[in-house]
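Reading through the structure tokens given below for one structure.
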Amino acid sequence: VQLQASGGGLVQAGESLRFSCAASGMPFSFYDMGWYRQAPGKQRELVASVSNNGRSSNYADSVKDRFTINRDNLKNTVYLSMDSLKPEDTGVYYCNADRRGVGIFDPWGQGTQVTVSS
-14 VQLQASGGGL
-4 VQAGESLRFS
6 CAASGMPFSF
16 YDMGWYRQAP
26 GKQRELVASV
36 SNNGRSSNYA
46 DSVKDRFTIN
56 RDNLKNTVYL
66 SMDSLKPEDT
76 GVYYCNADRR
86 GVGIFDPWGQ
96 GTQVTVSS
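Written out as structure tokens, the structure is:
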């Protein structure tokens, strides 16, 4: 399984970014997918997940109403749109198939870094 996240960068607070994650080597449409964040010095946490058919999604309270997750099963890609970014959103973002808040596949892939300056 390969999970390749991209789209990170250095932005100022209040700006927006969009991540993409291309998956291969797995039956993508079978799995719920999640975006996870690892902030400096903290454990990795699930910030958003989307059901395998894309019809439902869930968000951590810290990102609710600012982040949007969606997927394209024809492209085996999951996206994370992030608005009104805050410095506390800084970290490395990973995608993975999700089962009850836990990433399924290991290794996780490289992730994509976002740094939000105040």
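Once you know that position 25 of the sequence shown is 10 in our numbering, the rest is easy, because the numbers rise by one and skip nothing.
Heads up, the beta-carbon is just placed ideally off N, CA and C, and yes, glycines get one too.
As the structure is a computational prediction, the values presented were derived from the model and not from experiment.
- Query: CB N136 to CB L(-12), shorter than 9 angstroms?
  - Reply: Residue 136 lies beyond the residue range present for the chain, which begins at -14 and ends at 103; the question has no answer from this structure.
- Task: Just tell me which of N38, L(-5), Q95 and Q28 has its CA closest to the CA of P12.
- Result: Counting from one through the sequence shown, the residue named residue 12 turns up at place 27. When each option's Cα is compared against that of P12, the closest is N38.
- Have a look at S9, L2 and S36 and flag the residue whose alpha-carbon is nearest the alpha-carbon of D17. Taking the sequence shown and counting its residues from 1, one reaches residue 17 at position 32. For the residues S9, L2 and S36, the minimum Cα distance to D17 belongs to S36.
- Message: DSSP three-state label for F15, please.
- Response: For the purposes of this step, residue 15 is taken as residue 30 along the sequence shown, with counting starting at 1. Looking at F15 - three-state DSSP - the assignment turns out to be helix.
- Item | For D57, three-class secondary structure by DSSP | On the sequence shown, residue 57 is found 72 positions in, with the first residue counted as 1. Note: D57 maps to strand in three-state DSSP.
- Using a threshold of 9 angstroms, state whether the C-beta atoms of V77 and V99 are closer than that. Here the question's residue 77 lines up with position 92 in the sequence shown. Here the question's residue 99 lines up with position 114 in the sequence shown. Yes, these two residues count as a Cβ contact at 9 angstroms.
- Message: When you compare the CB positions of E30 and V101, do they come within less than 9 angstroms of one another, or not?
- Response: Taking the first residue of the sequence shown as 1, we reach residue 30 at position 45. Taking the first residue of the sequence shown as 1, we reach residue 101 at position 116. Cβ atoms of E30 and V101: not closer than 9 angstroms.
- Message: Between A7 and K71, how many whole angstroms is the CB-CB distance? I'm expecting something under 8 angstroms.
- Response: On the sequence shown, residue 7 is found 22 positions in, with the first residue counted as 1. On the sequence shown, residue 71 is found 86 positions in, with the first residue counted as 1. Not quite, the Cβ-Cβ distance comes to about 27 angstroms (not below 8 angstroms), so this is no contact.
- Which residues bound the beta strand (DSSP E) around V35? By one-based count along the sequence shown, residue 35 stands at place 50. That run of the beta strand (DSSP E) goes E30 to V35.
- Message: How far does the beta strand (DSSP E) with G76 in it extend, from its first residue to its last?
- Response: Within the sequence shown, residue 76 is the residue found at index 91, counting from 1. Run containing G76: G76 to R84, per the beta strand (DSSP E) assignment.
- Query: Can you list, in chain order, the residues of its chain whose CB lies under 6 angstroms from that of D168, leaving out five sequence neighbours each side?
  - Reply: Nothing in the structure corresponds to residue 168, since the chain is present only between -14 and 103.
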